[in-house]
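Heads up: the structure comes next, in C-alpha cells.
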Amino acid sequence: MLSRKILKRTAVAGACLASFAALSIAALWELDRAFPPPLPAKQTVSTEVQDRDGQLLRAFATPDGYWRLETRLDQVDKQFVDMLAAYEDKRFWDHRGVDVLALCRAAGQLVTSGHIVSGGSTLSMQLARLIEPRDSRSLGSKLKQMLRAIQIERRLTKQEILERYLTLAPYGGNLEGVRAASLAYFGKEPKRLTVSESALLVALPQLPEKRRPDRNLGIAHAARDRVLTRMVSAGLLGEREAARAALDDVSGLRRKLPALAAHASYAMLPKAEPGKPLQLTIRKSVQQGLEQVARDAARKLGPKLSVAMVMADARTGDILGEVGSANFFDASRSGWIDMTKVVRSPGSTLKPFIYGLAFEQGLVAQETIIEDSPADFGGYRPKNFDMGYQGDVSIRQALQLSLNVPAIRVLDAVGPARLTARFRQAGVNPILPVNEAPGLAIGLGGVGVTLRDLVQLYTGLANGGKMHTLHDGTEPANAERTTATILDDQAAWQINDILSGVKPPEGAMQRGIAYKTGTSYGYRDAWSVGFDGRYVLGVWVGRADASPIPGLSGYVSAAPILFEGFVRSGLAGVPLPGRPPGVFNPKREELPVTLARFGAGADGLVQATATEPAPTIVFPPNGARVDLGTNSADATPLVLKLQGGRAPFRWLANGKPLAGIDRRRTATWQPDGTGYSTLTVIDAAGRAASVKVFVE
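In mature numbering (1 follows the signal peptide of the UniProt record, and there is no 0), the protein residues as written are -26 to -1, 1 to 670.
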C-alpha cells in the first residue's frame, strides 16, 4: 500500500515538475519573443565606395562618427579568426552562447585569488554587450548578457555571430571592427595579416583605449606578446614562429582610411543603401597614381591652379581614373569643384577631328600642301599661337604644329555644322553662344566642352573610330550608353599616325602614345589628351574661376602631366591600332593633282573643297595596286572617295552599277576577284570620272 502511495505521489510530483518545466519553457519562449535582442537585419555601418574589383576607395563615417566597415569572414585572415577564438572563447564552436566551464573556472579563480584572473565571457556574450552597452559590471548585467547570448545563438549562425563581432568590436578611438582597425594601423585589409598583426588585433578589443598603439605603444607591444604566448600554449603557433613574430615592430602610426576619388564618391552617396557597398568603374591603382600626379603637378604649378584628369578604356567606355581637382579639401584651388565636368574652351584639341573629316571626305592626304599665311574668312582672321606663319606646310605638319590658319582653311571646306553634328552623333553636345550657329571659331576653341567630353571623343581615335559613352558608375541606372562612329577607321588611322609623331615634352618618358595639346583664349585653360591602342587620358590645367594665367599652355603645362599620368597609372601600354586595309597614304611625289595642294593657288591646281564643279576620284588613285585579301576569308571592301561634283552620285565597277545612289562622297566596293578593274562615278549633272586599279 505504501509503495503504491509513493508511486502515486511520485507520479503527481513528476507531472507537476513536467508542467512547471513546460510552463517555464513556454514563459521563456514568450519572454524571448517579447524581448528579442536588438539584431537589425542591416547594421549601421560606414558607407563604402569600392573600385571595379571590390577594393575600398573611400569610406564615410557612420552618423555617430565611427569608422565601422561591415566585415565578412572571407575578408579576414583565417589564422586571425582561429587566434581570436582560441584567446577569447576556445569552445566557441561548441557552446550555445554560454560556456559553463569557463564561468566555473573564472568563479573559482575569483574565490581563490580574490580578484578576476580570467573572464568567462563568450564571443556571443561580448556581442551582446556590443549591441547593448552595459552601464555597470554588476552581476545583473552579466546575467543579462548571458540571456542575450542564448537569444543571439538561437537567431544567428556561428559565422554570423563572428561577422557581427568583427564588425562592431572596438579598436580605439572611433575605430570599430577589424577592417577599419587593420586599415588604420597597418594600411591594408585584414585578409593577409601577419602573425604579429593578428596577435595585436586580438588583444586590442579587451582594452581598446589603453592598448591603442598610436597612444600607448609599449602597452600595445606587451599585449601583443601575451597573445603570442597564449597561442603557443593553445598549440596554434610554434615557439619559433611566435618568437619571430615577437621581433616585429609595432607601429605607433594611425593611418587615414582610403580616401580616393572624392568627387565620384560623393556623387554616389544618393545611391547608398544600408550595408551595400557602392561600386565605381575606377581601378584603385590607376586612381592612386593619377591623384598623386595631380597633387605633385599642382604644387609645381603654383597657388590657386588646379589639375583635372580622366583616364578611360576606349574599348568599353569605362572610366578607370578621374581626378576632379588636385585636392578636394584645398579651398585655395576650389578643390570641391569637379573640373572634369565643367564646360570650358578646348583650345586646339578639336583640330584632329577637323582633319579627320577632311581625310574621310577625301579632301586631303598627309602630304597635301596647305598654306599657312594670313587669311580672311568673311571678317574672321585667325592667327597662330605664336603670331608667326610657316608658309607652305603639309597637312601632317599643320596638325603636328597645331597651326591655326590651316585648321580653319580645312574647317571652312568641311563645314562647322558637319563637325558639330558629328560630335552630337557621338553623344557630345558642344556648347555654343546663345542663338549662334556653328562658326569657324569652334576650330580654335570657340565652343564649350568638358574634359570628359574630350576624352570620350578621343576614345574613338584609340578604337578605330568607334566611340563608347563614358561611364563611371555615378550615372542613373537608366542612363543611355551608346556606341557611335566619330570617324571611319581609315581617317582615324591617319590622325593617329600624325599625332603619334608629335614630339613628347622635354624629359618625358617615351610611351608610344599619340597626343594633342590645346590652350584656350586668354591663357585660361591648358589641355592635353593622349591615347595608345586602348587607354585615353585627358588632362586639364587652370583655375576653377577661369582667371587667365600668364604663360599657361597645353604643351608646357599639361603635356608633361599627361605623360607622367600614363606612367603612374600602372597600365601596360597597348600599341596603336594597325593600318587598315586600303589606306591611302602616298608620298608627296605620288599625290594625284587634286591632292597636291589644298586650295586654289597661283599654279592653277584644283581647289580641294566640298563644292568642286566636276567629280574627281581621289581614292583609289589611277593605276594603284590595292591588296584587299580578295582570295581569303577576311577579304575587305575597297573604300572609294571622290571630291567635287553634284550629289547624288552613282558608282560603277567595270560598267556595272553598285547598289543604290548616295549623296555622300564615299562608297565601298567588294571586288569579286583579282586583276584590273575600272571604277567610275557619275554625278547628278551627268559628269563622270574614272580610275583603273589592280586588285590583289
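Cβ atoms here follow ideal geometry from the backbone N, Cα and C, with glycine treated the same way.
Check: Can you give the Cα-Cα distance for G618 and A339, rounded to whole angstroms?
Finding: 16 Å
Margin query: Give me, in chain order, the residues of the same chain whose beta-carbon lies closer than 8 Å to that of G365; leave out the 5 immediate sequence neighbours on both sides.
Written below: E345, D346 and S347
Margin query: Going by DSSP in three states, L616 sits in which element: helix, strand or coil?
Written below: strand
Next item on the list: Spatial neighbours of D577 within its chain, please: CB distance less than 7 Å, with the 5 preceding and 5 following residues excluded, ordered by chain position.
Entry: For D577, the pLDDT reaches just 36, beneath the cut-off of 50, and the residue's location in the model is therefore unreliable, although a value from the coordinates is still provided. Around D577: no qualifying Cβ.
Checklist line | Length of the line joining the Cα atoms of E137 and Y145 | finding: 15 Å
Next item on the list: Could you tell me the boundaries of the alpha helix (DSSP H) in which M205 lies?
Entry: L191 to A208
Checklist line | As assigned by DSSP and simplified to three states, the class of F540 | finding: helix
Next item on the list: Tell me, please, whether the stretch 266 to 278 touches the stretch 232 to 251 by the rule of three or more beta-carbon pairs shorter than 8 Å.
Entry: no
Item checked: Cβ neighbour criterion (16 or more within 10 Å) applied to Q335 -> buried
Check: Quick one: what does DSSP say H442 is sitting in, helix, strand or coil?
Finding: strand
Next item on the list: Kindly provide the ranges of any beta strand (DSSP E) runs that are 3 or more residues long and lie completely inside the stretch 351 to 429, ordered along the chain.
Entry: 365 to 368
Note to self: Taking 8 Å as the threshold (C-beta atoms), are R508 and R289 in contact?
What the structure shows: yes
Note to self: Under 8 Å, with one C-beta from each stretch per pair, do the stretch 444 to 457 and the stretch 304 to 313 reach the 3-pair mark?
What the structure shows: no
Next item on the list: Consult DSSP for I656 and reduce its assignment to one of helix, strand or coil.
Entry: strand
Notebook entry, point to check: So, helix, strand or coil for A300, using DSSP?
Noted result: coil
Notebook entry, point to check: Ends of the beta strand (DSSP E) at K490?
Noted result: A488 to T493
Item checked: DSSP three-state assignment for T168, whether helix, strand or coil -> coil
Check: By a C-beta neighbour count over all protein chains shown, 10 Å radius and 16 as the cutoff for buried, is E480 buried or exposed?
Finding: exposed
Margin query: Considering only their Cβ atoms, is the gap separating V267 from E538 smaller than 8 Å?
Written below: yes
Check: At what residues does the alpha helix (DSSP H) containing S259 begin and finish?
Finding: K258 to L275
Item checked: Residues bridged to W625 (per DSSP) -> V655
Note to self: Suppose contacts are defined by Cβ-Cβ distances below 8 Å. Is I591 in contact with L616 by that definition?
What the structure shows: yes
Next item on the list: With DSSP as the reference, label T583 as helix, strand or coil.
Entry: Since pLDDT at T583 reaches only 44, below the 50 mark, its modelled position is unreliable, and no value is offered.
Next item on the list: Give the range of the alpha helix (DSSP H) segment to which A220 is assigned.
Entry: E213 to L221
Checklist line | Run of the alpha helix (DSSP H) containing G330, from where it starts to where it stops | finding: K325 to E334
Notebook entry, point to check: Going by the CB atoms, is the gap between E296 and T314 shorter than 8 Å?
Noted result: yes
Margin query: Going by DSSP, what residue range makes up the beta strand (DSSP E) through Q53?
Written below: It is not in any beta strand (DSSP E) - Q53 instead sits in the alpha helix (DSSP H) that spans K52 to E62.
Margin query: Could you give the first and the last residue of the continuous alpha helix (DSSP H) run that contains K132?
Written below: K132 to L142
Item checked: 8 Å contact criterion, which A598 and V667 should meet: CB distance rounded -> 5 Å
Notebook entry, point to check: Less than 8 Å separating the beta-carbons of S20 and L43?
Noted result: yes
Next item on the list: Could you spell out where the alpha helix (DSSP H) holding I460 opens and where it closes?
Entry: No alpha helix (DSSP H) holds I460; DSSP gives it neither H nor E.
Notebook entry, point to check: Can you tell me the Cα-Cα spacing of S115 and D51, whole angstroms?
Noted result: 33 Å
Check: How about L181 and Y139: are their beta carbons less than 8 Å apart?
Finding: no
Check: Per the contact definition of three or more C-beta pairs closer than 8 Å, is the stretch 51 to 60 in contact with the stretch 32 to 43?
Finding: no
Next item on the list: Let me know the secondary structure DSSP gives D577 once reduced to three states.
Entry: Confidence in D577 is poor, its pLDDT being 36 and thus under 50, which makes the residue's placement unreliable; the coordinate value appears in the next sentence. Reduced to three states, the DSSP call for D577 is coil.
Notebook entry, point to check: Relative to the alpha-carbon of P554, which residue among P611, I535, S156 and F505 has its alpha-carbon at the smallest distance?
Noted result: P611
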